[in-house]
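Visitor:
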Amino acid sequence: MLIFSSSTARKVGKLFYDIGFLSSDEVVTCSVTNLTGELSGHTELKVINQFELGLGKVLFINEAYRLIGDSFHKEAIGELVDVMTKPRYAHNMVVILAGYSDEMEELLMLNPGLRSRFPTVLEFPQMAPEECLKLLEKLLSNLNISLSISTTGEHKAAVLDVLKQLIDSKGWASGRDVKTLRQAIIELVFTKAGEAEEISGSEGLCVSYKELMDCLEAMLKHRGGALDDE
1043 MLIFSSSTAR KVGKLFYDIG FLSSDEVVTC SVTNLTGELS GHTELKVINQ FELGLGKVLF
1103 INEAYRLIGD SFHKEAIGEL VDVMTKPRYA HNMVVILAGY SDEMEELLML NPGLRSRFPT
1163 VLEFPQMAPE ECLKLLEKLL SNLNISLSIS TTGEHKAAVL DVLKQLIDSK GWASGRDVKT
1223 LRQAIIELVF TKAGEAEEIS GSEGLCVSYK ELMDCLEAML KHRGGALDDE
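Number 1211 in our numbering belongs to position 169 of the sequence shown; there are no gaps in the numbering.
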């Protein structure tokens, strides 16, 4: 199964456990590093070791597109294809590859057997700018932090425009990156609060339009983009 969300992987594990396909709803997460060796023969052992850990469970291979690489990575792909057909593992576990759409498609093209081993693809559309803003407001409100932009007007339009640029940037991960943005805002407002002479805990903290835009622009620049002036 190809999937692009770790939270959904946990739900898949719960589903297959509830219907009796798996003996546990546990999700065993591994990276490409856990699957590849640096010497001949090591890769096979590492792949089998991860499958042993995931037996009866969900084996979640995060950022699986990193298997696109040198001969050891290609060896790991071949081992994945081979191990998944062995009676000990076939129909006794769920294997999930996770990654970005374009890179995952490139990965599947490397080995003809790989696509047939992963016939189910779950792809989630990116959250819209409005949805990202609502999620950000919710995450901040849990910490008694509010945004001081109006629900309508040019300030909100400008914020949504930068969010759209972020969404269109390569590698944007919707909810995960909104949480990263939240963290940047939290650090900013608590630094500001710490410098203030008096803090009213009952009123909470407020993020100004400029502060929000500064955080958004910094995030966009970090991702290799530039703020549009339009």
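Here a beta-carbon is modelled for each residue, glycine too, at the ideal position from N, C-alpha and C.
Which residues does DSSP list as the beta-bridge partners of Leu1189?
Guide: Taking the first residue of the sequence shown as position 1, residue 1189 is located at position 147. Per DSSP, Val1249.
Visitor: Would you list, in sequence order, the uninterrupted beta strand (DSSP E) runs of no fewer than 3 residues that lie entirely inside the stretch 1095-1162?
Guide: Counting whole runs of 3 or more residues, the stretch 1095-1162 contains the beta strand (DSSP E) stretches 1100-1103 and 1136-1140.
Visitor: Quick one: residues in its chain with C-beta nearer than 7 Å to the C-beta of Glu1272, no 5 flanking neighbours on either side, listed in chain order?
Guide: Start at 1 with the first residue of the sequence shown, and residue 1272 comes out as number 230. Here Glu1272 scores only 49 on pLDDT, less than 50, and its place in the model is too uncertain to base an answer on.
Visitor: Am I right that Leu1097 and Tyr1059 are in contact with their C-beta atoms under 8 Å? What's the rounded C-beta distance?
Guide: Position 55 of the sequence shown, counting from 1, holds the residue named residue 1097. Position 17 of the sequence shown, counting from 1, holds the residue named residue 1059. Between Tyr1059 and Leu1097 the Cβ distance is about 14 Å, and since that is not below 8 Å, they are no contact.
Visitor: How big is the Cα-Cα spacing for Ala1260 and Arg1108?
Guide: What you label residue 1260 is simply residue 218 of the sequence shown in a count that begins at 1. What you label residue 1108 is simply residue 66 of the sequence shown in a count that begins at 1. Those two C-alpha atoms are separated by around 27 Å.
Visitor: Whole angstroms are fine: how far does the CA of Val1069 sit from the CA of Gly1062?
Guide: Taking the first residue of the sequence shown as 1, we reach residue 1062 at position 20. Taking the first residue of the sequence shown as 1, we reach residue 1069 at position 27. Approximately 15 Å between the Cα atoms of the pair.
Visitor: Are the stretch 1144-1155 and the stretch 1182-1200 touching by the rule of at least three beta carbon pairs closer than 8 Å?
Guide: No, the stretch 1144-1155 does not touch the stretch 1182-1200.
Visitor: Taking the alpha carbon of Leu1328 as the reference point, which residue from Val1201, His1264 and Ser1113 has its own alpha carbon closest?
Guide: Outside the displayed range of the chain (1043 to 1272) lies residue 1328, so it cannot be described from this structure.
Visitor: Return the CA-CA distance between Gly1284 and Pro1161, expressed in angstroms with no decimal places.
Guide: Shown here, the chain extends from 1043 to 1272; a query on residue 1284 therefore has no answer.
Visitor: Could you pull the DSSP bridge partners for Thr1071 from this structure?
Guide: Position 29 of the sequence shown, counting from 1, holds the residue named residue 1071. Paired residue(s): Phe1102.
Visitor: Output yes or no for whether 8 Å exceeds the beta carbon distance between Met1055 and Tyr1142.
Guide: Numbered from its first residue, the sequence shown carries residue 1055 at position 13. Numbered from its first residue, the sequence shown carries residue 1142 at position 100. The question names Met, but residue 1055 in the sequence shown is Gly. No, they are not a contact pair.
Visitor: Only counting the same chain, and skipping five residues up and downstream in sequence, which positions put a Cβ closer than 7 Å to that of Leu1247?
Guide: The residue given as residue 1247 occupies position 205 in the sequence shown. Taken in chain order, the residues that qualify are Asn1186, Ile1187, Val1231 and Ala1235.
Visitor: Using only the alpha-carbon positions, how far apart do Thr1127 and His1133 sit?
Guide: Numbered from 1 along the sequence shown, position 85 holds the residue referred to as residue 1127. Numbered from 1 along the sequence shown, position 91 holds the residue referred to as residue 1133. Taking the straight line from one Cα to the other gives about 9 Å.
Visitor: Check for me: the alpha helix (DSSP H) holding Gln1168 runs from which residue to which?
Guide: Walking along the sequence shown from the start, residue 1168 turns up at place 126. Run containing Gln1168: none; DSSP gives neither H nor E here.
Visitor: Around the Cβ of Lys1221, are there at least 16 other Cβ atoms within 10 angstroms (buried) or fewer (exposed)?
Guide: Looking up residue 1221 in the sequence shown gives position 179. With fewer than 16 other Cβ atoms within 10 Å, it is exposed.
Visitor: Enumerate in chain order the residues of its own chain whose CB-to-CB distance from Leu1150 is below 6 Å, with the five nearest sequence positions on each side excluded.
Guide: Here the question's residue 1150 lines up with position 108 in the sequence shown. The residues are Leu1156 and Arg1157.
Visitor: For Gln1092, count neighbouring Cβ atoms within 10 angstroms of its own Cβ and tell me buried if that reaches 16, exposed if not.
Guide: Along the sequence shown, read from residue 1 onward, the residue named residue 1092 stands at position 50. When all chains shown are included, Gln1092 counts as buried.
Visitor: Helix or strand or just coil, what does DSSP make of Thr1050?
Guide: For the purposes of this step, residue 1050 is identified with residue 8 of the sequence shown, where counting begins at 1. Of the three classes helix, strand and coil, the one that applies to Thr1050 here is helix, per DSSP.
Visitor: What does the alpha-carbon distance come out to for the pair Asn1076 and Glu1253?
Guide: Here residue 1076 is taken as the residue at index 34 of the sequence shown, counted from 1. Here residue 1253 is taken as the residue at index 211 of the sequence shown, counted from 1. Approximately 41 Å between the Cα atoms of the pair.
Visitor: Measure from the alpha carbon of Val1136 to the alpha carbon of each residue in Gly1217, Arg1052, Leu1262 and Arg1224, then state which is nearest.
Guide: Translated into the one-based positions of the sequence shown, residue 1136 becomes position 94. Of the candidates Gly1217, Arg1052, Leu1262 and Arg1224, the one whose C-alpha sits nearest the C-alpha of Val1136 is Arg1052.
Visitor: Going by C-alpha to C-alpha distance, which of Glu1173, Lys1099, His1115 and Ser1065 sits closest to Glu1086?
Guide: What you label residue 1086 is simply residue 44 of the sequence shown in a count that begins at 1. Residue His1115 is the option with its Cα nearest to Glu1086.
Visitor: Would the beta-carbon of Gly1090 fall within 8 Å of that of Val1123?
Guide: Position 48 of the sequence shown holds residue 1090. Position 81 of the sequence shown holds residue 1123. Gly is not the amino acid found at residue 1090; the sequence shown has Ile there. Not in contact: Ile1090 and Val1123 (Cβ atoms no closer than 8 Å).
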